[in-house]
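Asker: So for the sequence shown, the working numbering puts the first residue at 246; every next one is plus one. For each residue, glycine too, the CB sits at the ideal point set by N, CA and C. Just so it is clear, the structure is predicted and the values come from calculations on it, not from any experiment.
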Amino acid sequence: MISRSLREGFRGVSRHWAMSISSAIAVTITLIIISIFIIFSWHLDKFTHSVESSVPISAQIAPAYEAAADEERIKEAIRAINGVNTITFRTKEEERDFYINSYDSEDARELFSEIYEGDDNPMLDAYYVTVNSGAQLEEITAEIRQIPGIYKASYGEQSTVSLMEAMFNVRRFGLYFVIAMGLLAVFLISNTIKLTIAARQDEITIMRNVGATNHFIRAPFLWEGVFTGLIGALAPIGLSIWGYMAAYRQTGGILFSNMFKLSPPDPYVYYLAGVLAVLGVVVGFVGSWLSVSKYLRWKR
């Protein structure tokens, strides 16, 4: 009888540890995926803001307002608009040269140089304006158009808006994916705790009969969930720190171009490690809380 009880006890402990380990592994896999998406989403957000702030508004000056006094007045009017970052002036000659040099063919450059020489230059003096936030591009462009002396103001219009919207949708998808993976981890831990509760129903019944409160009964399961989540977060933290630092060293912190730069590992990887640790603890706690609270419906 005793040996049978011991075997059953060991079997129960083994099942419990197996379930806890499988739950921790599930959390580990989930947090690794979440870590990848956090890194991707963070840098996509940085890249988006970099693109938004670098998209210039071209404000061409009408020929009748090319006097120095008029152009200075227009510049001050643009500077007074809320959200304007930098203002750069180009003469019509500089605009012409920029346009001609945009051609790869030397023959084309020579041809247009002859056509647009002297009074035949169709270009206009222009101000190039960058803004603090891409969300202000349309509004600021509309305000610049209202300034007397502005012939035309544009920033790429629909193509730029489409690019911003595409990046926003990718970021939003990444956020939804991270939330979905977090809910999956909660579900896995919740089921593990449910199995643990089912295996320890007799103990819970005895504790209730001797007057234990729901809080007293719930506490060990909550701690178990927290530790399961924290242990599951250790591997993702280590892999994220090592992987990110290795990627930064290999690329020199630059992907594709200078516009897409990786954040310096110090302190970024430590912030990331903190986020993953907190996610592991929160996921473990919530999963445990849901399971135990559903079982302990009545309160003393």
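Taking S378 as the reference, which of L369, F292, H288 has the closest Cα?
Answerer: F292
Asker: Buried or exposed for S280, please, with buried defined as at least 16 other CB atoms from any protein chain shown within 10 angstroms of its CB.
Answerer: So S280 counts as buried.
Asker: Less than 8 Å between the CB atoms is what I'm expecting for I302 and L382, so what's the real figure, rounded?
Answerer: 7 Å
Asker: Entirely within the region 461-497 and at least 4 residues each: give me those alpha helix (DSSP H) ranges in chain order.
Answerer: Counting only runs of 4 or more residues that sit fully inside the region 461-497, no alpha helix (DSSP H) segment turns up.
Asker: Suppose you measure from the CA of V523 to the CA of T496; what does that come to, to the nearest Å?
Answerer: 29 Å
Asker: What are the start and end residues of the beta strand (DSSP E) that includes N330?
Answerer: Note, N330: beta strand (DSSP E), 329-335.
Asker: For a test of the three-state rule: what should DSSP assign to Y400, helix, strand or coil?
Answerer: coil
Asker: Applying the 10 Å Cβ sphere with the 16-neighbour rule, what's the burial state of R417?
Answerer: Result: exposed.
Asker: Are R473 and G427 closer than 8 Å when you measure CB to CB?
Answerer: Looking at the sequence itself, residue 473 is Thr, so the reference to Arg does not match. Contact: no.
Asker: Assign T273 to buried or exposed, taking buried as 16 or more other Cβ atoms, counted over all protein chains shown, within 10 Å of its Cβ.
Answerer: buried
Asker: I believe N330 touches T375 by the beta-carbon criterion, under 8 Å. Please report the beta-carbon distance rounded to the nearest angstrom.
Answerer: 5 Å
Asker: Quick one: what's got a C-beta closer than 6 Å to I385's C-beta in the same chain, skipping five residues either side?
Answerer: I326, G328, V376
Asker: Rank I270, I277, F285, L276 by C-alpha distance to the C-alpha of K506 and give the top, closest one.
Answerer: Minimum Cα distance to K506 is reached at F285.
Asker: Assess contact between the region 478-493 and the region 506-520, defined as three or more Cβ pairs (one per stretch) separated by less than 8 Å. Is contact present?
Answerer: yes
Asker: Using the C-alpha atoms, what's the distance from Y516 back to D315?
Answerer: 51 Å
Asker: Would you mind reading off the limits of the beta strand (DSSP E) that contains I302?
Answerer: 302-306
Asker: To the nearest angstrom, report how far apart E388 and A312 are at their CA atoms.
Answerer: 22 Å
Asker: Would DSSP call A312 helix, strand or coil?
Answerer: coil
Asker: Given a cut-off of 8 Å on the beta-carbon distance, is the pair Y310 and I319 in contact?
Answerer: yes
Asker: Could you tell me if the beta carbon of E338 falls within a distance shorter than 7 Å of some heavy atom in the ligand NAP?
Answerer: Of ligands this structure carries none, so the ligand NAP is not represented either.
Asker: Thinking C-beta only, is T336 closer than 8 Å to Y373?
Answerer: no
Asker: Please classify P308 as buried or exposed, where buried requires at least 16 neighbouring CB atoms within 10 angstroms.
Answerer: exposed
Asker: Let me know the secondary structure DSSP gives V455 once reduced to three states.
Answerer: coil
Asker: Using DSSP's beta-bridge definition, name the partner residues of V376.
Answerer: V329
Asker: Between the beta-carbon of G470 and the beta-carbon of G525, is there less than 8 Å?
Answerer: No; because the gap between Cβ atoms is not below 8 Å, this pair is not in contact.
Asker: Answer with buried or exposed for F461, where buried requires no fewer than 16 other C-beta atoms within 10 angstroms of its C-beta.
Answerer: exposed
Asker: Name the one or two DSSP bridge partners that I499 has.
Answerer: K506
Asker: Assuming F282 and V514 form a contact by the criterion Cβ under 8 Å, report the distance between their Cβ atoms to the nearest whole angstrom.
Answerer: At roughly 16 Å, the Cβ-Cβ gap does not stay under 8 Å, so F282 and V514 are not in contact.
Asker: Suppose the cutoff is 7 Å on Cβ atoms and the five residues either side in sequence are ignored; what does the same chain contact list for K397 look like?
Answerer: Within the same chain, Cβ atoms closer than 7 Å to the Cβ of K397 are found at Q305, the five residues on either side in sequence being excluded.
Asker: Pick out whichever of W534, G498, G532, S533 has its Cα sitting closest to the Cα of H288.
Answerer: G498
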